[in-house]
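Structure first, commentary second.
Chains as they are written, first to last, in this note's numbering: chain X, 47 to 481; chain S, 42 to 445.
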């Protein structure tokens, strides 16, 4: 415990290291890095939502709108629908032409650019799970589309993908579990041109975290709740205008909608080993008073939220895994050793084969979970299996990706070291994304 | 529309297969594991039941012959769940019952799959009702099937076969053997052909039966061919030696049979998982799919991990069959399924024994048996390493001389 640093101490240590790195100057990254360091070293919590909008409360007029579940087609089929192919086609192109080339910069800047975020709003990423009658895209719920989109984005870059998907997670949560009043109050912002930064925050920063045993508490008052606690992995926390957070109410984990401008809400940058473009932050709730209408959904809905979020992470692992597979396949065929491409060696080729095999297994398991979700089936088991595979084999793919490139994999000239850092997140993340 | 549930039209059939497996196979498992080489007579009744279902067109492809890719494209453009899928589903259930006994099912041999895969319509008719074993391996080679030394020499309307075949599943009980032999060793792979050899012919004999680690209820024979004269029309596929096509023709059978063997591993592993889950529950271990694994007991976490890998194996297997049913190339996917299911099946059954301690190790339960049975599933129809080789070559677009 002797060497434990307080947050400011860690910040200074990081600052010292980065300031003395000549690589920054060579790569012309000094500006971006200084900005990042500023974020990371701010020390104390800042009041959140400096620029946050206020959401005009709309009185509910009756029943909330819900997307319907898709009927059980009864046929085993791996063919995406035409709609899905179209959406995924656009997203994949965007991922290849915008996210991938910008990934290294976004990683260094510890943020995703406004332009990139604006472009994803243009595709209507946040609209996927909002009912048509509320300005969304479809009357039918499609978790499969959500998985395919997350996969395609992460093939470009997982960190930016998470930043792009974060507002959609909040919109989806409110669509799925919100009351009429909550839907009418918050969803219009997500269907408009200026989609707010928003974050679904379930995690808390401690070992052996259990989303069903939260330390953040909600205490009932005469006309609402008071929230207290420390949350983590809030995507773009300092930019977020709206949070959906998990808190324990009478011993049960529940969701609450918290506007960033509420007094007592503090955020602090909390960059990690990867997903740096997602600008992960801690969120402090210090006697945050919210109205009764802030409670979102039931305890069962919270459980569903945890599951769908894990499904989102599994989907992200698929995309990054595919990136590793394609990149290493190409590399081992061109890299020569002992007079021939290293791909000609079984020790190398079998590693690539196993990446492909495990990735396909993960993919099918994740798609099955998603298809069960949209058919309204109980997805508990299937999500657990998908998460297990994505966590374990996803990380194995990440580490094998670096291994296949050897020393070249360890340096930032190649993207595999970033994929390694990003893939470590998959098995441990809770919240942030939702499909 | 993406959907990975068991096809609606097969759900009842799968249930029935499960009951059959429970009553005919599982209930006789230990008996024939202990009495190696004894003929499992209970299967005759079952086999005639399967034949009856086949003839009435109700079987949905219950067995080995279900892998034929029928070309009746009456539902063009429509996604099909056909006989490859139902065969795999049926084999999963049967091997949940007992792998060895499934392999002993009369008229459901791998030779039958080979016939179904490559036979002409005339041959299909001619060999209808036969129980065909498959004979590829020889004492001098295993995975390297191009090294075949058994010879077939054309003599008039007949081929004369000479050689020794080992590891012939159902070699004793089957009434014919699909024998792989070379027409001309100097021409390499392209000269390798398969022949349906009825065991009633003079010159073919069973030399001995093997004693094995597992699948003891299935007989594994050494077969010797000495000037065995086989009618020329028993050659499967084309008699021409096409050096361009090489091995592809003969190897096509594997695209159809590997998903079946993957299915065997999936079924066997599920049996272990189910029993161990009950045993764990008896000890107060509850498996919670929502709680992080790190917060549950090691046994529960291990269980979820095994189940996850099992699920991946299952879905890879169904995908390989689905591709075949929809007439899409599935060579790589079949090998992926076989590789994943083979290793996962073995790993799961062994870990289940470990979790159950001496109870799992003892013949009181079937867990120890399943952990012996599963080993062969990562070996026959192409070992784990051969599957990885196939996947790697396809993936990296390398030839067999580049990636050896």
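Every residue gets a Cβ at the ideal spot worked out from N, C-alpha and C, and that includes glycine.
For the segment 42–61 of chain S, the set of residues with a beta-carbon nearer than 8 Å to any beta-carbon of chain X comprises 42, 43, 44, 45, 46, 47, 48, 49, 50, in chain order.
In this structure, the beta-carbon distance from residue 211 of chain S to residue 260 of chain S falls below 9 Å. Shown here for residue 66 of chain S: same chain residues with a beta carbon closer than 6 Å to its own, the five before and five after excluded, namely 138, 139, 142 in chain order. The beta carbon of residue 315 of chain S does not come within 9 Å of any beta carbon belonging to chain X, so the residue lies off that interface. No Cβ-Cβ contact shorter than 9 Å links residue 357 of chain X with residue 264 of chain X. Chain order gives the chain X residues near residue 345 of chain S as 430, 434, where near means a beta carbon separation below 7 Å. Taken through DSSP and simplified to helix, strand or coil, residue 68 of chain S comes out as helix.
For the segment 311–376 of chain X, the full-length beta strand (DSSP E) segments reaching 3 residues or more read 311–315, 327–337 along the chain.
The alpha carbon of residue 393 of chain X has as its nearest neighbour, out of S:389, S:414, S:430, the alpha carbon of S:430. Taking the Cα of residue 368 of chain S as reference, the smallest distance to any Cα among S:82, S:151, S:266, S:297 is reached at S:297. Rounded to whole angstroms, the Cβ separation of residue 245 of chain S and residue 238 of chain S is 6 Å, and the two are in contact under 8 Å. Taking all protein chains in view, the Cβ of residue 384 of chain X is surrounded by fewer than 16 other Cβ atoms within 10 Å, so the residue is classified as exposed.
Taking 9 Å as the cut-off between beta carbons, the residues of the segment 370–382 of chain X near chain S are 371, 375, 378, 379, in sequence order. For residue 466 of chain X, the uninterrupted alpha helix (DSSP H) segment begins and ends at 462–469. Here residue 249 of chain X is not near residue 286 of chain X, since their CB atoms are 9 Å or more apart. The segment 269–279 of chain S makes no contact with the segment 337–354 of chain S; the number of CB pairs closer than 8 Å stays below 3. Out of S:445, S:157, S:269, the CA that lies nearest to the CA of residue 390 of chain X is found in S:445. For residue 417 of chain X, the chain S residues whose C-beta falls within less than 9 Å of its own C-beta are 42, 43, 44, 45, 46, listed in chain order.
Taking a beta-carbon distance threshold of 9 Å, residue 146 of chain S does not count as an interface residue toward chain X. Among the bridge pairs identified by DSSP, residue 295 of chain X is matched with X:264, X:298.
Out of S:335, S:331, S:361, the CA that lies nearest to the CA of residue 427 of chain X is found in S:331.
For the 9 Å CB-CB criterion, residue 187 of chain X and residue 319 of chain X do not form a contact. The criterion of a C-beta distance shorter than 9 Å is satisfied by residue 312 of chain X and residue 93 of chain X. Nearest Cα to residue 145 of chain X within the set X:327, X:202, X:411: X:202. Taking 9 Å as the threshold, the shortest C-beta distance from residue 408 of chain X to chain S falls below it.
A Cβ-Cβ distance of about 12 Å is found for the pair residue 430 of chain X and residue 412 of chain X, leaving them out of contact under the 8 Å criterion. The CB of residue 179 of chain S never comes closer than 8 Å to any CB in chain X; the least such distance is about 24 Å. When DSSP states are grouped into helix, strand and coil, residue 189 of chain S belongs to the coil group. Taking 8 Å as the Cβ-Cβ cut-off, the segment 315–339 of chain S approaches chain X at 330, 331, 332, 333, 334, 335, 336, given in chain order.
Interface annotation for the segment 404–430 of chain S against chain X: 426, 428, 429, 430, criterion Cβ-Cβ distance under 9 Å. With at least 16 other beta carbons inside 10 angstroms of its own, residue 157 of chain X counts as buried. In summary, residue 109 of chain S is buried, with 16 or more beta-carbon neighbours lying within 10 Å of its beta-carbon over all protein chains present.
Take the alpha-carbon of residue 200 of chain X and the one of residue 407 of chain S: they are about 44 Å apart. The segment 223–237 of chain X makes no contact with the segment 398–410 of chain X; the number of CB pairs closer than 8 Å stays below 3. With a threshold of 9 Å between beta carbons, residue 265 of chain X makes no contact with chain S. Around the beta-carbon of residue 132 of chain X, fewer than 16 other beta-carbon atoms lie within 10 Å, marking it exposed.
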